[in-house]
Amino acid sequence: MSPPPSESTSSSPLSGFFGVFRYSRRALGLVWETSRWMMLGLALCTLVAGVLPAVAAWVGQLIVDGVVNAMETHREANDPNLLVSITPVLKLVGFEALIIGLIALAQRGLSAQQSLLRALLGQKVNVMILEKAGTLSLSQFEDSELYDQLTRARREASTRPLALVNKTFGLLQNAISLGSFGVLLVQFSPWALLILVAGALPVFVSEAKFSGDAFRLFRWRSPQTRMQIYLETVLAREDSIKEVKLFGLEGLFLKRYRDIFTQLFAEDRRLTLRRESWGFLLGLLGTLTFYLAYGWVVIETIAGALTLGQMTMYLMVFKQGQAALSASLTAISGMYEDNLYLSNLYEYLEQPVEADAGTLTQGALPGDGLRFENVSFSYPGSDSVLQYPVLHNISLHLSPGQSLALVGENGSGKTTLIKLLTRLYQPTQGRILLDGSDLRDWSAQALRERTGVIFQDFVRYQLQVGENLGVGDTHAFDDEQRWKQAARHGMADDFITRMGNGYKTQLGRWFKNGQELSGGQWQKIALSRAYMRENADIIVLDEPTAAMDAAAEADVFARFREHSRDKMAILISHRFSTVRSADLILVIDQGHIIERGTHEALLEANGRYAKLFKLQAKGYR
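For the sequence shown, UniProt numbering begins at 1 and goes up steadily by one.
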């Protein structure tokens, strides 16, 4: 399978080629912000390394001509003195040695500063990527195209800005060298400059074309590359390896991994063979051009138009000039490729984000509680989805001190309702009010400080026990007293204190001496995390006891009812023993509220709730 042709909005290939260089200035600015002194150092070293090679070639001419003159003077002198004859030449040799030493110093300076900048810039760009990620909405993270952009940006763009800057300074260095070489070549013949350019141009055209092809291939196969990374994760992570081994999935996933690699490698091979074949053929033209110029200089020297020193200088200038010009043109094509890859970074960084326009820290009707008014929600991106909303016309009112239970099959929309409440999603229709004010008008920070949530798919952080609790309230991330208080509320204190290092125990298997917990213990950690928010008056529990035994579940909910007495409590659970005590129960089916009421009222109605309750109760007999 071949990649599709690239889409272009440019009026011509040439304008498309130069149009992509719009990112160069931004990359230079990024490096300037990273370290101004090192960038100035790069500029100085580049200037030195660019000018001095031409000076060295000119001094080389003087040395050769000086040696020839010294030989003639020494041979014709009546009283030859070798020291007197060679002293001027030795001074020139010493001067050239100094020049070569300065060139070497400049190259070392360039290498050292590039190495340091690579580390600083890589860190800066990665921080920019992660900071941007923190501003994206949940729906944007769930967009596969944006995730591809994120993957491409993280994979390549962290190194490309410095590569672009290095090529820019390399281009500047070669341009300075070419300018100084040109001054020397013009003295020989203006046609020499034309020959120099003609020899390097074919290689440049080839490199520019294949750089664009390589980038288009890179973009086209982002989904396949992401699948490879996913398969690597599944085959090498402790949280998935159990099922992989149990179901014997190693062979199946490895085959899929190899098939993807084979497909990608075939494209790489075709591109590499074309690139290197054309590069060799066109490079051969440049080599032939150089040797034509070589013969021209030799003929002029034999004819007496040039001295031996001039011949040596012009041959050196031709060779170094061709190398500098080829390097310059290759750098331009490389800059073109770097700019293409940088477009990934800036496309991602320029993703629009919803501005948090909310400023409220208190509602218009304090104490009114939570209201859903005809709320509907659909995931974007599909007409069929828009026709069948995940939630449809949801209305409810929850006052402080009341508890609400959500009951329904998996996929009915219960967790989506919670995501709307926490403003991870925005309603497609209708509005959600907290204390009489629209959630959109609330400050995001103020809203989240009032909400304590434990999702069914909570994160098991590879951190210390206390830090796993502290993430629930970043203001108290290191507060051990708050850790212990939250752990007591979440019924986690008993097993934490039995650990060797207590709240300092490392959790997970990613780091040395890490300790893994049972599913029920992890749930207690997550529950305690929700209790870290002391100011939260909205407590949401999504299947909080799915991995706990019956006794632990009873203790947890007894503690939960006590803790949430004056708060708004929302509970999602498939266990009717936990939801029956709620003040209000909503039965949700395919995004619709089909029943509402207390446990007793719903049983009396003998509808869906009563049927599900009786089925579950029958299982316990």
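Beta carbons are placed, not taken as given, at the ideal position from N, Cα and C, and that holds for glycine.
| field | Cα-Cα separation, Thr598 to Lys124 | value | For the purposes of this step, residue 598 is identified with residue 598 of the sequence shown, where counting begins at 1. For the purposes of this step, residue 124 is identified with residue 124 of the sequence shown, where counting begins at 1. Each residue's alpha carbon lies about 55 Å from the other.
| task | Closer than 6 Å by C-beta to Gly490: which residues in its own chain qualify, once you throw out the five before and the five after it? Chain order, please. | result | Residue numbering aside, residue 490 sits at position 490 when the sequence shown is read from its first letter. Only Lys524, Leu527, Ser528 and Tyr531 meet the Cβ criterion.
| task | Can you give me the Cβ contacts of Val385 inside the same chain, cut-off strictly under 7 Å, excluding the 5 residues immediately before and after it? | result | Here the question's residue 385 lines up with position 385 in the sequence shown. With a pLDDT of 43 at Val385, under the threshold of 50, the predicted position of this residue should be treated as unreliable, and no value is reported.
| task | Check the C-beta distance from Val64 over to Ser180 and give it rounded, since I have them as a contact under 8 Å. | result | Counting from 1 along the sequence shown, the entry for residue 64 is found at position 64. Counting from 1 along the sequence shown, the entry for residue 180 is found at position 180. 19 Å between Cβ atoms; not a contact.
| Start and end of the beta strand (DSSP E) containing Asp566? | Along the sequence shown, read from residue 1 onward, the residue named residue 566 stands at position 566. Looking at the DSSP string, Asp566 is not in any beta strand (DSSP E), and its letter there is neither H nor E.
| task | Measure the alpha-carbon distance for Leu292 versus Val183 and round it to whole angstroms. | result | On the sequence shown, position 292 is the one that residue 292 refers to. On the sequence shown, position 183 is the one that residue 183 refers to. Between Leu292 and Val183, the C-alpha separation is close to 20 Å.
| said: For Ile195 and Gly170, I'd like the C-alpha separation in whole angstroms. | reply: The sequence position of residue 195 within the sequence shown is 195, counting from 1. The sequence position of residue 170 within the sequence shown is 170, counting from 1. Taking the straight line joining both Cα atoms gives about 22 Å.
| task | Specify whether the region 429 to 440 and the region 366 to 376 touch according to this definition: at least 3 beta carbon pairs, one from each stretch, less than 8 Å apart. | result | yes
| query | Which of helix, strand or coil does DSSP assign to Asn410? | reply | Taking the first residue of the sequence shown as position 1, residue 410 is located at position 410. It is coil, neither helix nor strand.
| field | Coarse secondary structure for Glu562, derived from DSSP in three states | value | Your numbering for residue 562 matches position 562 in the sequence shown. Here Glu562 sits in helix by DSSP.
| field | Cβ contact (3+ pairs, closer than 8 Å) linking the region 419 to 426 and the region 123 to 141 | value | yes
| In chain order, which alpha helix (DSSP H) runs of at least 4 residues are fully inside the region 71 to 139? | 82 to 135
| Which residues in the same chain have their Cβ closer than 6 Å to the Cβ of Val67, if we skip the five residues on either side of it in sequence? | As a first step, residue 67 is located in the sequence shown; it is residue number 67 there, counting from the start. For Val67, where only same-chain residues beyond five positions count, the Cβ hits under 6 Å are Val89.
| request: Return the chain-ordered list of same chain residues with a C-beta closer than 6 Å to the C-beta of Ala327, the five sequence neighbours on each side being excluded. | output: Counting from one through the sequence shown, the residue named residue 327 turns up at place 327. Around Ala327: Asn174.
| query | Thinking just about the alpha-carbon of each residue, which of Ile594, Ser111, Leu584 and Leu98 is nearest to the one in Glu600? | reply | Against the sequence shown, residue 600 aligns to sequence position 600. Closest by alpha carbon: Leu584.
| message | Among the candidates Leu172, Leu105, Met335 and Leu345, whose CA atom is the shortest distance from the CA of Glu131? | response | Residue mapping note: residue 131 aligns to position 131 of the sequence shown, counting from 1. The shortest C-alpha separation from Glu131 is found at Leu345.
| said: Quick check: the Cα distance between Ile394 and Asp438, rounded to an integer number of angstroms? | reply: By 1-based counting over the sequence shown, the position of residue 394 is 394. By 1-based counting over the sequence shown, the position of residue 438 is 438. Distance between the alpha carbons of Ile394 and Asp438: 15 Å.
| query | When the Cβ atoms of the region 401 to 421 are set against those of the region 589 to 597, are three or more pairs found closer than 8 Å? | reply | yes
| query | For Lys614, which of Leu83, Arg596 and Phe576 has the nearest alpha-carbon? | reply | Position 614 of the sequence shown, counted from the start, is the residue given in the question as residue 614. The shortest C-alpha separation from Lys614 is found at Phe576.
| query | Taking the beta strand (DSSP E) that Val540 falls in, what are its first and last residues? | reply | Your numbering for residue 540 matches position 540 in the sequence shown. Val540 -> beta strand (DSSP E) spans Ile538 to Asp542.
| task | In angstroms with no decimal places, state the Cα-to-Cα distance between Val587 and Asp549. | result | In the sequence shown, residue 587 corresponds to position 587, counting from 1. In the sequence shown, residue 549 corresponds to position 549, counting from 1. About 25 Å.
| task | Could you tell me whether the Cβ atoms of Ser376 and Pro389 are closer together than 7 Å? | result | Counting from 1 along the sequence shown, the entry for residue 376 is found at position 376. Counting from 1 along the sequence shown, the entry for residue 389 is found at position 389. Yes, the pair counts as a contact, with Cβ atoms nearer than the cut-off.
| message | Rounding to the nearest angstrom, what Cα-Cα distance links Leu602 and Glu595 in this structure? | response | Position 602 of the sequence shown, counted from the first residue, corresponds to residue 602. Position 595 of the sequence shown, counted from the first residue, corresponds to residue 595. Near 8 Å, if we compare the C-alpha coordinates of Glu595 and Leu602.
| Where do the N-terminal and C-terminal ends of the alpha helix (DSSP H) with Thr168 fall, by residue? | Taking the first residue of the sequence shown as 1, we reach residue 168 at position 168. Taken as a continuous stretch (DSSP letters only), the alpha helix (DSSP H) holding Thr168 covers Arg160 to Phe188.
| Which residue from Asn535, Asp542, Gly520 and Ile570 puts its Cα closest to that of Ala552? | Here the question's residue 552 lines up with position 552 in the sequence shown. Ranking the options by Cα distance to Ala552, first place goes to Gly520.
| message | My output table needs one value for His475: the three-state DSSP class, helix, strand or coil. | response | For the purposes of this step, residue 475 is taken as the residue at position 475 of the sequence shown. Three-state result, His475: helix.
| task | Count the CB pairs spanning the region 502 to 522 and the region 470 to 478 that are closer than 8 Å, and state whether there are at least three. | result | no
| task | Enumerate, from N- to C-terminal direction, the unbroken beta strand (DSSP E) stretches of 3 or more residues contained entirely within the region 471 to 515. | result | none
| request: Measure the C-alpha to C-alpha separation of residue 624 and Val353 and round it to an integer number of angstroms. | output: No answer is possible for residue 624: it lies beyond the span of the chain, which begins at 1 and ends at 621.
| message | Taking the alpha carbon of Tyr461 as the reference point, which residue from Gly502, Leu507, Glu142 and Arg488 has its own alpha carbon closest? | response | Taking the sequence shown and counting its residues from 1, one reaches residue 461 at position 461. Nearest of Gly502, Leu507, Glu142 and Arg488 to Tyr461, Cα basis: Leu507.
| Quick check: the region 38 to 49 against the region 111 to 128, are there 3 or more CB pairs under 8 Å? | yes
| said: From the DSSP secondary-structure annotation, give me the bridge partner or partners of His592. | reply: Taking the sequence shown and counting its residues from 1, the one referred to as residue 592 is at position 592. Bridge partners of His592: Asp589.
| field | Residues that Pro464 bridges to, as DSSP identifies them | value | Taking the sequence shown and counting its residues from 1, the one referred to as residue 464 is at position 464. One detail in the question is off: residue 464 reads as Gln in this sequence, not Pro. According to DSSP, which records beta bridges pairwise, Gln464 is partnered with Gln506.
| query | Applying the criterion that 16 or more other CB atoms from any shown protein chain within 10 Å of the CB defines a buried residue, is residue 631 buried or exposed? | reply | Residue 631 is absent from the structure shown; the chain starts at 1 and stops at 621.
| Alpha carbon to alpha carbon, what distance is there between Met227 and Glu250? | Within the sequence shown, the letter at position 250 stands for residue 250. Within the sequence shown, the letter at position 227 stands for residue 227. Distance between the alpha carbons of Glu250 and Met227: 15 Å.
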